[in-house]
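Novice: Here it is, the structure in full.
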Amino acid sequence: MKGLNQIWAIAKREQKRMLARGIYTFCMVLAPIVAFLFFTTLMGEGLPSELPAGVVDEDNTSTTREVIRNLDAFQQTNIIEHYPDVAAARKAMQQGKIYSFYYIPKGTTQLAVSGKQPTVSFYTVASYLIPGSLAYRDMKMMSEYASGGVGRATLYAKGYTEDQAMAVLQPIKMEMHAVNNPSLNYSIYLCNTILPGIIMLLIMQVSIYSIYVEMKEETAREWLAMADNDIVKALLGKLLPQMVTWALMGLFCLFLLYGVWRFPLNSGIWPMILDMFLLINASLALGVFFCGLVPSLRWALSLATLWGVLSFPISGFSFPMMSFPDTLKGLSWLFPLRHYFLIYVDQALNGLPLYYSWLNIAIMIAFWGLPIMLLSRLRMFLLKYHYTH
Amino acid sequence: MKWLRNTIEVWAYEMKCALLDEGVLVFFIVVPLLYPLLYAYLYNHESVREVPTVVVDNSHSQLSREFTRRVDASADVKIVSHCQDMMEAEEMIHRRDAYCLIYIPKDFEKDVAEHRQTVVELYSDMSGLLYYKAVLSSCTEVSLDMNKEIKAQLIPGATEQQISAFQYPIEYQYVPMFNTQSGFATFIIPAVLMMIIQQTMVLGVGMMAGEEREKVRKHIAEPHIIGKNPIEVLLGKSTVIFTIYVFVAVYLACIVPMLFNLIHIWRWQTLLAFMVPFILACVFFSISISSIAHDRESFIIMFVFLSIPLLFASGISWPASNIPIFWKGFSWLFPSTFGVNGFVRITEMGATLEDVQHELNALWIQTFAYFGISYLVYKRTYGKQLWA
Numbered sequence: 000m001k002g003l004n005q006i007w008a009i010a011k012r013e014q015k016r017m018l019a020r021g022i023y024t025f026c027m028v029l030a031p032i033v034a035f036l037f038f039t040t041l042m043g044e045g046l047p048s049e050l051p052a053g054v055v056d057e058d059n060t061s062t063t064r065e066v067i068r069n070l071d072a073f074q075q076t077n078i079i080e081h082y083p084d085v086a087a088a089r090k091a092m093q094q095g096k097i098y099s100f101y102y103i104p105k106g107t108t109q110l111a112v113s114g115k116q117p118t119v120s121f122y123t124v125a126s127y128l129i130p131g132s133l134a135y136r137d138m139k140m141m142s143e144y145a146s147g148g149v150g151r152a153t154l155y156a157k158g159y160t161e162d163q164a165m166a167v168l169q170p171i172k173m174e175m176h177a178v179n180n181p182s183l184n185y186s187i188y189l190c191n192t193i194l195p196g197i198i199m200l201l202i203m204q205v206s207i208y209s210i211y212v213e214m215k216e217e218t219a220r221e222w223l224a225m226a227d228n229d230i231v232k233a234l235l236g237k238l239l240p241q242m243v244t245w246a247l248m249g250l251f252c253l254f255l256l257y258g259v260w261r262f263p264l265n266s267g268i269w270p271m272i273l274d275m276f277l278l279i280n281a282s283l284a285l286g287v288f289f290c291g292l293v294p295s296l297r298w299a300l301s302l303a304t305l306w307g308v309l310s311f312p313i314s315g316f317s318f319p320m321m322s323f324p325d326t327l328k329g330l331s332w333l334f335p336l337r338h339y340f341l342i343y344v345d346q347a348l349n350g351l352p353l354y355y356s357w358l359n360i361a362i363m364i365a366f367w368g369l370p371i372m373l374l375s376r377l378r379m380f381l382l383k384y385h386y387t388h
Numbered sequence: 000m001k002w003l004r005n006t007i008e009v010w011a012y013e014m015k016c017a018l019l020d021e022g023v024l025v026f027f028i029v030v031p032l033l034y035p036l037l038y039a040y041l042y043n044h045e046s047v048r049e050v051p052t053v054v055v056d057n058s059h060s061q062l063s064r065e066f067t068r069r070v071d072a073s074a075d076v077k078i079v080s081h082c083q084d085m086m087e088a089e090e091m092i093h094r095r096d097a098y099c100l101i102y103i104p105k106d107f108e109k110d111v112a113e114h115r116q117t118v119v120e121l122y123s124d125m126s127g128l129l130y131y132k133a134v135l136s137s138c139t140e141v142s143l144d145m146n147k148e149i150k151a152q153l154i155p156g157a158t159e160q161q162i163s164a165f166q167y168p169i170e171y172q173y174v175p176m177f178n179t180q181s182g183f184a185t186f187i188i189p190a191v192l193m194m195i196i197q198q199t200m201v202l203g204v205g206m207m208a209g210e211e212r213e214k215v216r217k218h219i220a221e222p223h224i225i226g227k228n229p230i231e232v233l234l235g236k237s238t239v240i241f242t243i244y245v246f247v248a249v250y251l252a253c254i255v256p257m258l259f260n261l262i263h264i265w266r267w268q269t270l271l272a273f274m275v276p277f278i279l280a281c282v283f284f285s286i287s288i289s290s291i292a293h294d295r296e297s298f299i300i301m302f303v304f305l306s307i308p309l310l311f312a313s314g315i316s317w318p319a320s321n322i323p324i325f326w327k328g329f330s331w332l333f334p335s336t337f338g339v340n341g342f343v344r345i346t347e348m349g350a351t352l353e354d355v356q357h358e359l360n361a362l363w364i365q366t367f368a369y370f371g372i373s374y375l376v377y378k379r380t381y382g383k384q385l386w387a
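Shown next as C-alpha cells:
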C-alpha cells in the first residue's frame, strides 16, 4: 500500500511538472494533433487528381483533338497547356509546371488511317514517383484506348460484334484487384503508419527528457527519495501521467483514422487499440532503455532520435522489407513501429484472426525486458552523475 | 572599420565554441556525414524485384503454363508456389509467404482457342503499393506479348508488320524522364539531403541558443559579446554557421550523389547559385526559430518530428499541385520546401537557374525576411543587457 502511495505521489509531482512547462504540452498534445491533421488533410483526396499535364499535338486533326479531350477527361490528368514542340514541353517539366506530356507527331492520323502504324509517345517525370506513375497509368490507358478504338472500328466494319472484336484485339485480359484498398488510396497506405510513428518518436524523446532533466536540474535525488530510492517505483510514478496522456492521444489518432476518415477496419477497433497501446508501451520502454544505456540527456536523446527517424523507412510501409539488405531484415525486429505496421496489416487492413499476429504482439511485450536489464545502472546514473555538456 | 573587427572577433569566438561543443558537432558534422550513408545503404536495391507470388491455375493447360512461366521469368515477380485452390493461396498470403496471387480460370485455353476473351485475375496485398505495381506491370507485359502471338495465328500468312499494325493501329512509346529506372533511392535521397541541411542546422543552432539562454538565466555574460552591436553579433554568428555548412553542402549536394551514382546532371554554376541562397535562408531561419529554444535539449524534441511533415510538404511524395492551400502556405515558411524542389530539378532534371527562378526568388525573400527577424531577436537578447 505504501508503494502505491509513493507511486501516486510521484505521479502527481510529475503531472505538476508537466503542466508547468510548455514543452510537455507542445510535444504531447499540440504537436501530435497538428501532425495528425496535417497528414490526414494533406492526402484527404486519397488519390491525387487533376495532375497538371501538357500536350504537344503537331498533327492537330479532329482525331487527335478527340484523343486529347479524352485524356483530359481522365480523373488523374488535367491538361493545362499545349506546347509547340517537345523541347518546350520538356522545359515546362524542368520548371515543375507539369508532371507529364503527350506527344502526337505530324501525320499520325494520316498514317493510322492508311494502316502504316504511326507512333505516339508519352513522357512522365519519374523523379516525382507518385504523380509520375499516375500520369503513366492514364496515358498508357489512353494510348491503348486510342489504338483499340481504331482497331475496333475496323473490326465493326467487318461485321464483328463487340465481344468478338475484344476477343480478337485482346484475347487475354488482366483484371487487377487491390485487396482492401481498391481505390489505391495513398492516405490509407501512408497515414496508418506515419501517425503512430510520430507518436512513437515523441514518446521516446519526451520520456528521456523527463527523466534526465531531473539530473540536469539536480532534482533526481529528491525524485528518487520519494520512492525510497526504488527505481521501479520512481519510474512507474514518473511515466504514469505520460502513459495516460499518450493513451489518450493514441485513441484520438485511431478515432481520426477509423472514425473520421473511415479507413479500412476489417478487424474491428479492439485489435488496433491493443496495437496502439503496445506501441506506446514499447516506445516508453525504449526511452527508459536509452537512458540506462548512456548517462546523458543529450546522448540518450540522440540515440532515440536516430532510432525514431530510422523507424519510418525500416517499418517497411513505403519501401517493402523484402527489398532491404538482409542485415536490416534482422535489425527491423528491434523497431516497435515495424511490429505495429505488421499487426495493422493483419488486423485493420486484412481482418485476419488475432493469432496471425501473435509473434509481433509477443515481441512488442518483450520490449519491456530491455529497460529491466538496465534499471540498476540507471539508478546509479541518477544518484551519482552530474549534468555536463 | 571597427564593426568589421568586432564581427571577426565574434566569428572567431563562436567558431571555437561550435567546434569544441560535441553536442553541436553531432548535428553539424556527424549526422550530415552518416545519415546519407545509412539511407543509401537502406535503398541499395533501388526497386522491388521478385515479389513472391502464388498461382492458382484451374486451366492446367499448356497455354496457362506458358503464361505462368513467362511471368516467373520477369524481373519483378517470382512464382513461389502453385496452389490447389484460392483457400490455400490466401493462406499463403496471410502468412506472408507471398504478396500477390494470379488466378487463371478453368476455360483459359479453351476461350482463347474458341476466340472468346479470357480474363486472368490478379490480387495484391495492399500493405505495399509496390507489390501491386510489380505484379500488374509484369503480367500486363506478358499478356501483351502473348496476345500478339495469338493474333498471328488468327491471320495466317501475315507479315510481322501486318500483325503489329493490326494489333496497334497506333503504336505508342513510353518515355520515363530523368529518373529512368524509377528507382526509390533516386527518388527519396536528394530530398532527404536537403532536409538534412536544414534540420541539422536548426538543431545545432537551437542547441547553441538554448545554452546562451541558460547562461543568461544564470547571469553568465559572454565576454566576446560585451560592447558589440547586435548586427555585429548576428553577422559574426551567421558567418560561422555559413562557413561550416559550405563544407556540409559540398559533401551532401556534390559528393554523396556522385558516391552513390545518383543522377547528377547539374551544371556546377547553377548548383552554386542555388545552394548559396538556400544555405543563407537556412542560416537565418535557424537563428530566428532558435529564439524559442529555452534550454539546450528541449529544441531537439520540438523540431525532429517536424522533419517528416516537412518532407511531405515539399511535394516530393504527395504532389505539390494537390497540397491544400493552407498547408502550402505553411510549407512556404520553411527553406526546405524550395530547397528540395530546386535541388531535385537541378540535379536530376538538369534544370537551369531560370527554370528554378520561382524557388530561387522564394529563398532570397526568406533570407531577407529571416535576417530581419534574426536581427530583432538579437537586439532583444543582447541589446538590453550588454550593448550599452
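Order-wise, the sequence lines are chains A and B.
0 is the number of the first residue of the first sequence in numbering that gives the first Met the number 0; add one for each residue after it.
0 is the number of the first residue of the second sequence in numbering that gives the first Met the number 0; add one for each residue after it.
All C-beta atoms in this analysis are idealised placements derived from N, C-alpha and C, irrespective of residue type, glycine included.
Should G329 of chain A and A164 of chain B be called a contact, given that it needs their Cβ atoms to be closer than 8 Å?
Specialist: Looking up residue 329 of chain A in the first sequence gives position 330. Looking up residue 164 of chain B in the second sequence gives position 165. No, they are not a contact pair.
Novice: Among residues of its own chain, excluding the 5 on either side of Q116 of chain A, which ones have a beta-carbon nearer than 8 Å to its beta-carbon?
Specialist: On the first sequence, position 117 is the one that residue 116 of chain A refers to. Excluding positions up to five away in sequence, the list reads L110.
Novice: Among B:I101, B:V70 and B:F186, which one has its Cα closest to the Cα of Y122 of chain B?
Specialist: Stepping through the second sequence from its first residue, residue 122 of chain B is reached at position 123. Nearest of B:I101, B:V70 and B:F186 to Y122 of chain B, Cα basis: B:I101.
Novice: What I want to know is whether the C-beta of F325 of chain B ends up closer than 7 Å to one or more non-hydrogen atoms of the ligand SAH.
Specialist: Ligands are entirely absent from the displayed structure, and the ligand SAH is therefore not among its contents.
Novice: Just by C-beta distance, which residues in the segment 291-322 of chain A are closer than 8 Å to chain B?
Specialist: L296, R297, L300, S301, T304, G307, V308, L309, F311, P312, I313, G315, F316, S317, F318, P319, M321 and S322
Novice: DSSP three-state call for L41 of chain B: helix, strand or coil?
Specialist: Along the second sequence, one-based indexing puts residue 41 of chain B at 42. Of the three classes helix, strand and coil, the one that applies to L41 of chain B here is helix, per DSSP.
Novice: Compute the distance between the beta-carbons of N178 of chain B and P47 of chain A, then report whether it is under 8 Å.
Specialist: Here residue 178 of chain B refers to the residue found at position 179 of the second sequence. Here residue 47 of chain A refers to the residue found at position 48 of the first sequence. Not a contact, by the Cβ cut-off of 8 Å.
Novice: Counting only Cβ pairs nearer than 8 Å, list the residues of chain B close to T118 of chain A.
Specialist: The residue labelled residue 118 of chain A in the question sits at position 119 within the first sequence. Near T118 of chain A (Cβ distances below 8 Å), the residues of chain B are I169, E170, Y171 and Q172.
Novice: In angstroms, rounded to a whole number, what distance separates the CA positions of R20 of chain A and V212 of chain A?
Specialist: Start at 1 with the first residue of the first sequence, and residue 20 of chain A comes out as number 21. Start at 1 with the first residue of the first sequence, and residue 212 of chain A comes out as number 213. Each residue's Cα considered, the two are about 12 Å apart.
Novice: Would you say Y130 of chain B lies against chain D (beta-carbon separation less than 8 Å)?
Specialist: Here chain D cannot be found, since the structure's protein chains are A and B.
Novice: With burial defined as no fewer than 16 other Cβ atoms inside 10 Å of the residue's Cβ, what is the status of F246 of chain B: buried or exposed?
Specialist: Here the question's residue 246 of chain B lines up with position 247 in the second sequence. Exposed: under 16 other Cβ atoms inside 10 Å.
Novice: Is G349 of chain B near Q94 of chain A, with beta carbons less than 8 Å apart?
Specialist: Position 350 of the second sequence holds residue 349 of chain B. Position 95 of the first sequence holds residue 94 of chain A. Against a cut-off of 8 Å, the Cβ pair of Q94 of chain A and G349 of chain B comes out as no contact.
Novice: So, helix, strand or coil for G158 of chain A, using DSSP?
Specialist: As a working mapping, residue 158 of chain A is identified with position 159 in the first sequence. Residue state, collapsed to three classes: coil.
Novice: Does the beta carbon of N180 of chain A come closer than 8 Å to any beta carbon on chain B?
Specialist: Here residue 180 of chain A refers to the residue found at position 181 of the first sequence. It does: the Cβ of N180 of chain A has a partner Cβ on chain B nearer than 8 Å.
Novice: What are the boundary residues of the alpha helix (DSSP H) that includes T242 of chain B?
Specialist: The residue you call residue 242 of chain B lines up with position 243 of the second sequence. Note, T242 of chain B: alpha helix (DSSP H), P229 to A248.
Novice: According to DSSP, simplified to helix, strand and coil, what is L309 of chain A?
Specialist: Counted from its first residue, the first sequence places residue 309 of chain A at position 310. Correct three-state label for L309 of chain A: helix.
Novice: Check whether the Cβ atoms of D20 of chain B and V50 of chain B lie closer than 8 Å to each other.
Specialist: Position 21 of the second sequence, counted from the start, is the residue given in the question as residue 20 of chain B. Position 51 of the second sequence, counted from the start, is the residue given in the question as residue 50 of chain B. No, they are not a contact pair.
Novice: Please work out which residues of its chain come closer than 8 Å, Cβ to Cβ, to K215 of chain A, disregarding the five sequence neighbours upstream and downstream, and give them in chain order.
Specialist: On the first sequence, position 216 is the one that residue 215 of chain A refers to. Contacts found: L296 and Y386.
Novice: Can you give me the C-alpha to C-alpha distance between F367 of chain B and A280 of chain B, rounded to a whole angstrom?
Specialist: Counting from 1 along the second sequence, the entry for residue 367 of chain B is found at position 368. Counting from 1 along the second sequence, the entry for residue 280 of chain B is found at position 281. Near 8 Å, if we compare the C-alpha coordinates of A280 of chain B and F367 of chain B.
Novice: Tell me whether A52 of chain A sits in a helix, a strand or coil according to DSSP, three-state version.
Specialist: Residue numbering aside, residue 52 of chain A sits at position 53 when the first sequence is read from its first letter. Correct three-state label for A52 of chain A: strand.
Novice: Examine chain A for any beta-carbon lying closer than 8 Å to the beta-carbon of W386 of chain B, and answer yes or no.
Specialist: Translated into the one-based positions of the second sequence, residue 386 of chain B becomes position 387. Since pLDDT at W386 of chain B reaches only 42, below the 50 mark, its modelled position is unreliable, and the value read off the structure follows with that caveat. It does not; no Cβ of chain A falls within 8 Å.
Novice: Would P276 of chain B be called buried (16 or more neighbouring beta carbons within 10 Å of its own) or exposed?
Specialist: Translated into the one-based positions of the second sequence, residue 276 of chain B becomes position 277. By the 10 Å Cβ count, P276 of chain B comes out buried.
Novice: Kindly identify the DSSP beta-bridge partner or partners of V355 of chain B.
Specialist: Your numbering for residue 355 of chain B matches position 356 in the second sequence. Answer is none; V355 of chain B lacks a bridge partner.
Novice: Any beta carbon of chain B sitting closer than 8 Å to that of E174 of chain A?
Specialist: Translated into the one-based positions of the first sequence, residue 174 of chain A becomes position 175. Yes - at least one Cβ of chain B is within 8 Å of the one on E174 of chain A.
Novice: How many angstroms separate the CA atom of W386 of chain B from the CA atom of I188 of chain B?
Specialist: The residue labelled residue 386 of chain B in the question sits at position 387 within the second sequence. The residue labelled residue 188 of chain B in the question sits at position 189 within the second sequence. Legend: pLDDT at W386 of chain B = 42, less than 50; position of this residue unreliable, no value from coordinates given.
Novice: Contact check, S287 of chain B vs A312 of chain B under 8 Å by CB: the rounded distance?
Specialist: Residue numbering aside, residue 287 of chain B sits at position 288 when the second sequence is read from its first letter. Residue numbering aside, residue 312 of chain B sits at position 313 when the second sequence is read from its first letter. Rounded to the nearest angstrom, the Cβ distance from S287 of chain B to A312 of chain B is 18 Å, too far for a contact under 8 Å.
Novice: Which whole-angstrom value describes the C-beta separation of M206 of chain B and F25 of chain A, a residue pair presumed to lie in contact below a C-beta threshold of 8 Å?
Specialist: One-based indexing of the second sequence puts residue 206 of chain B at position 207. One-based indexing of the first sequence puts residue 25 of chain A at position 26. M206 of chain B to F25 of chain A, Cβ: 17 Å. No contact.
Novice: Taking C-alpha atoms, which residue in B:A272, B:S373, B:K236 and B:I324 lies nearest to G338 of chain B?
Specialist: Counting from 1 along the second sequence, the entry for residue 338 of chain B is found at position 339. Comparing Cα-Cα distances from G338 of chain B to each of B:A272, B:S373, B:K236 and B:I324, the minimum goes to B:A272.
Novice: At which residues does the beta strand (DSSP E) containing T158 of chain B begin and terminate?
Specialist: Counted from its first residue, the second sequence places residue 158 of chain B at position 159. Neither: T158 of chain B is in no beta strand (DSSP E) and is coded neither H nor E.
Novice: Is the CB of E217 of chain A under 8 Å away from at least one CB in chain B?
Specialist: Working through the first sequence from its first residue, we reach residue 217 of chain A at position 218. No - not a single Cβ of chain B is within 8 Å of the one on E217 of chain A.
Novice: First and last residue of the alpha helix (DSSP H) that includes E170 of chain B?
Specialist: Looking up residue 170 of chain B in the second sequence gives position 171. Looking at the DSSP string, E170 of chain B is not in any alpha helix (DSSP H); the run it does join, the beta strand (DSSP E), is E170 to M176.
Novice: Return the chain-ordered list of same chain residues with a C-beta closer than 7 Å to the C-beta of P31 of chain A, the five sequence neighbours on each side being excluded.
Specialist: The residue labelled residue 31 of chain A in the question sits at position 32 within the first sequence. Here P31 of chain A has I197, I198, L201 and M248 as same chain residues with Cβ atoms under 7 Å from its own Cβ, once five neighbours each way along the sequence are excluded.
Novice: By the DSSP assignment, the alpha helix (DSSP H) with E412 of chain A in it spans what residues?
Specialist: This structure leaves residue 412 of chain A out entirely; chain A is present only between 0 and 388.
Novice: So is D354 of chain B in contact with chain A if we call contact Cβ pairs under 8 Å?
Specialist: In the second sequence, residue 354 of chain B corresponds to position 355, counting from 1. D354 of chain B counts as touching chain A.
Novice: Determine the burial state of P35 of chain B: buried for a count of at least 16 other Cβ atoms within 10 Å of its Cβ, exposed for fewer.
Specialist: Here residue 35 of chain B refers to the residue found at position 36 when the second sequence is read from its first residue. When all chains shown are included, P35 of chain B counts as buried.
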